[in-house]
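Below you'll find the structure, written out as structure tokens, and then a few comments.
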Amino acid sequence: MKITKHTVTSLAYELKVEGKLADKADEQQPLEYIHGTNML
Numbered sequence: 196m197k198i199t200k201h202t203v204t205s206l207a208y209e210l211k212v213e214g215k216l217a218d219k220a221d222e223q224q225p226l227e228y229i230h231g232t233n234m235l
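Each number in the numbering used here comes from the position in the sequence shown (counting from 1) with 195 added on.
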């Protein structure tokens, strides 16, 4: 999949720090951002 500029993009992730869950976004509540606008 290629994501183009100014496209609303969503993703699921888990961020772990030293093995402990620090943050997450799952498929039911994904992280959404507009790609190519320096939001991340």
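Using N, Cα and C, we set each Cβ at its ideal position, and we do this for glycine too. On a predicted model such as this, the values are computed, not experimentally measured, just so you know.
Residues bridged to residue i [DSSP beta-bridge criterion]
i      : result
Ala220 : Tyr208
Lys197 : Answer is none; Lys197 lacks a bridge partner.
Glu227 : Ser205
Distance between residue j and residue i (C-alpha atoms, nearest Å)
i      : j      : result
Leu216 : Tyr208 : 11 angstroms
Gly231 : His201 : 6 angstroms
Tyr228 : Leu210 : 17 angstroms
Pro225 : Glu213 : 23 angstroms
Ile198 : Ser205 : 11 angstroms
Asp218 : Leu235 : 15 angstroms
Chain-order list of residues whose beta-carbon lies under 6 angstroms from that of residue i (same chain, five-residue window excluded)
i      : result
Ala220 : Ala207, Tyr208, Leu226
Close-in-space but distant-in-sequence residues of the same chain around residue i (CB under 7 angstroms, 5 per side omitted)
i      : result
Val203 : Glu227, Ile229
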